[in-house]
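Asker: Everything in the sequence shown is counted per my numbering, starting at 5 for the first residue and increasing by one.
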Amino acid sequence: MSAYNVYAIAGLGRIGLNMTRDLLAMKAADGHHYSVRVLTQSPDSPALADLKARGADVRTVSYAAPASLRAALDGVDVLISAIGYHGLEAQDILCDAAADARVQLFVPSEYGALSNTMVDPVFAGKEHFRARLVAAGLKYTVFYSGLWADFDLRPFILREWFEIDLEGGSIHKWSNWDVPWSFTTQSDVSRFVTHVLVHLSRSELENRIIRIEGDRQSLNSLFSTFLAKTGRRPLEAMNVTTHTRAELDARLEKDPALIGMRLLRAGSDEKFSVTADGDPLDNDLWPEWNPEKAGDVIIASFAADSKQKA
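#1: Going straight from the alpha carbon of Lys258 to that of Leu267, what length do you get?
#2: Let me check understanding here. Comparing Cα to Cα, which of His37, Tyr89, Arg158, Ser49 lies closest to Phe230?
#3: Counting only runs of 4+ residues fully inside the segment 144-232, write out the alpha helix (DSSP H) ranges in chain order.
#4: Nearest CA to the CA of Glu167: which residue from Ser72, Ser46, Leu73, His247?
#5: Once the 5 residues before and after Asn22 are set aside, which same chain residues still bring their CB inside 7 Å of it?
#6: Does at least one heavy atom of the ligand SAH sit under 7 Å from the Cβ of Leu170?
#7: In whole angstroms, give me the CA-to-CA distance for Tyr38 and Leu83.
#8: Evaluate Met5 with the Cβ neighbour count: other Cβ atoms within 10 Å of its Cβ, from every protein chain shown; 16 or more gives buried, anything less gives exposed.
#9: Taking 6 Å as the limit between beta carbons, can you name the residues of its chain near Ala117, skipping five residues before and five after?
#10: State the start and end residues of the unbroken beta strand (DSSP E) segment that holds Thr64.
#11: Return the residue from the list Asp54, Ala307, Asp78, Val123 that minimises the CA-CA distance to Asp26.
#12: Given a cut-off of 8 Å, decide if Ala103 and Leu73 are closer than it, judged by their beta-carbon atoms.
#13: Give me the Cα-Cα distance between Ala105 and Asn287, rounded to the nearest whole angstrom.
#14: If Gln45 and Val65 are in contact, beta carbons under 8 Å, what's the gap, nearest whole angstrom?
#15: From the DSSP output, in three-state form, read off Arg134 for me.
#16: Is it buried or exposed, Glu292, if we count other Cβ atoms within 10 angstroms and call 16 or more buried?
#17: Less than 8 Å separating the beta-carbons of Leu28 and Gly79?
#18: Comparing alpha-carbon positions, which option in Glu251, Leu285, Thr24, Ser310 lies nearest Glu171?
#19: In the DSSP assignment, find the beta strand (DSSP E) that holds Phe276 and state where it starts and stops.
#20: Please return the same chain residues whose Cβ sits closer than 6 Å to the Cβ of Val40, not counting the five positions on each side in sequence.
#21: Does the segment 134-151 come close enough to the segment 198-214 that 3 or more CB-CB pairs lie under 8 Å?
#22: Tell me the rounded alpha-carbon separation between Ala69 and Pro47.
#23: Closest by CA to Lys177, which one among Met242, Val138, Arg220, Ser149?
#24: Taking just the CA atoms, how far does Arg212 sit from Asn224?
#25: Measure the C-alpha to C-alpha separation of Val200 and Asn180 and round it to an integer number of angstroms.
#26: Can you find the residues in the same chain that come closer than 8 Å, C-beta to C-beta, to Leu256, ignoring five residues on each side of it along the sequence?
#27: Taking Ile13 as the reference, give the member of Ala57, Leu109, Ala7 with the closest Cα.
#28: Identify the continuous alpha helix (DSSP H) that holds Thr24 and give its terminal residues.
#29: Give me the Cβ distance between Glu114 and Phe147, rounded to the nearest whole Å; I'm assuming they're in contact under 8 Å.
Next comes the structure, spelled out in structure tokens:
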């Protein structure tokens with residue numbers, strides 16, 4: 005039986021949709037008695053009809069009207085934020101509304117790097133938000149899960165964000181490719197997060213950082229294995245340009261909006277290895293969890309891309 009009665013999700017991107025569906029599926033399969041509430045600014049979204057049919061309670065809100073958020077959060081025990089990177093400022097409004105509504109547990113939109121040790125403002129803002137939750141008297145659970153394998157290992161993202169063209173053979177090494185990275189797919193993150201929020205006790209969740217990963221590899225290992233398994237030419241036979249850390253810093257100083265370069269710099273500093281700060285991995289909180297391996301994900305991503313182009 006769940007320790008909480010009402011779960012609410014804010015943000016209906018891919019991971020938010022996954023979490024909503026996973027919560028509803030667990031409720032249907034296991035006979036849980038909790039309810040699932042969805043906060044949306046787009047009541048006409050096609051996805052909402054499916055969520056309603058599965059039993060979700062959909063509430064229309066406006067972040068420009070905090071009173072609508074306060075009303076939508078009335079009676080909510082757990083608020084899960086799945087707000088995307090470009091809308092994270094809205095979490096401040098959510099925090100205030102959650103505090104007013106006496107929400108019992110706030111799960112901020114993290115699901116990535118070790119923001120608790122970051123100085124880059126793009127990532128450090130998430131840690132500042134955790135401090136805001138504490139100041140507001142809200143309990144939290146933070147989840148670190150590394151890089152999203154199913155998003156960031158797609159051919160287009162590798163090429164356009166990271167300047168890694170494994171098909172064309174033009175590679176720019178903008179970071180240290182020998183350090184470990186944690187990789188987890190969005191669907192695996194969603195399954196783990198929702199499972200532990202339903203099955204763990206309050207004392208196991210409150211004011212805790214939970215670290216999970218589907219796989220751990222260096223970029224050199226990941227790409228070399230991928231190329232060998234798919235019969236492509238090895239990295240050594242490609243046009244590889246290696247850049248220094250100073251060059252990477254200079255490039256970001258010139259163009260701070262290059263999110264791929266920011267990710268590479270953070271990864272080079274082991275900020276995408278979820279245990280690099282010395283705390284242990286928490287995968288064993290759900291021993292039956294069976295996340296996908298990064299090598300399998302990248303092979304599937306390139307295969308799907310080739311099929312689409314055919």
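Backbone N, C-alpha and C fix where the C-beta goes; we use that ideal spot for every residue, glycine too. Bear in mind that the values here come from a model prediction, so they are computed numbers and not experimental data.
Answerer: Taking the coordinates as given:
#1: Rounded to the nearest whole angstrom, the C-alpha separation of Lys258 and Leu267 is 16 Å.
#2: Checking every option, the nearest Cα to that of Phe230 belongs to Arg158.
#3: Secondary structure within the segment 144-232: the alpha helix (DSSP H) runs of 4 or more consecutive residues, fully enclosed, are 153-156, 159-164, 190-203, 206-209 (chain order).
#4: For the residues Ser72, Ser46, Leu73, His247, the minimum Cα distance to Glu167 belongs to His247.
#5: Close CB contacts of Asn22 within its chain, under the 7 Å cut and outside five residues either way in sequence, are with Gln190, Ser191, Ser194 (chain order).
#6: Of ligands this structure carries none, so the ligand SAH is not represented either.
#7: Approximately 13 Å between the Cα atoms of the pair.
#8: Exposed, because fewer than 16 other Cβ atoms sit within 10 Å of the Cβ of Met5.
#9: The residues are Phe127, Ala270, Lys275, Phe276.
#10: Element bounds for Thr64: 61-64.
#11: For Asp26, the nearest C-alpha among the options comes from Asp54.
#12: At a Cβ-Cβ threshold of 8 Å, Leu73 and Ala103 do not count as neighbours.
#13: Roughly 32 Å between the two C-alpha positions.
#14: Confirmed, Cβ separation roughly 6 Å.
#15: Helix, per DSSP.
#16: Under this definition Glu292 is an exposed residue.
#17: No, Cβ-Cβ distance for Leu28 and Gly79 is not below 8 Å.
#18: Glu171 has its Cα closest to that of Ser310, out of Glu251, Leu285, Thr24, Ser310.
#19: That residue, Phe276, is in no beta strand (DSSP E); it is neither H nor E in DSSP.
#20: Residues of the same chain with a CB within less than 6 Å of the CB of Val40, apart from the 5 flanking positions on each side, are Tyr11, Leu27, Leu28, Ala60 in chain order.
#21: The count of Cβ pairs closer than 8 Å, one atom from the segment 198-214 and one from the segment 134-151, reaches three, so the stretches are in contact.
#22: A direct Cα-Cα distance of roughly 16 Å separates Ala69 from Pro47.
#23: Of the candidates Met242, Val138, Arg220, Ser149, the one whose C-alpha sits nearest the C-alpha of Lys177 is Met242.
#24: When rounded, the distance between both Cα atoms is 32 Å.
#25: Straight-line measurement puts the Cα of Asn180 at about 34 Å from the Cα of Val200.
#26: Spatial neighbours of Leu256 in its own chain (CB-CB distance under 8 Å, excluding positions within 5 residues in sequence) are listed in chain order as Leu262, Met265, Arg266, Arg269.
#27: Among Ala57, Leu109, Ala7, the Cα nearest to that of Ile13 is on Leu109.
#28: Residues 18-34.
#29: Under the criterion of beta carbons closer than 8 Å, Glu114 and Phe147 qualify as touching, at roughly 6 Å.
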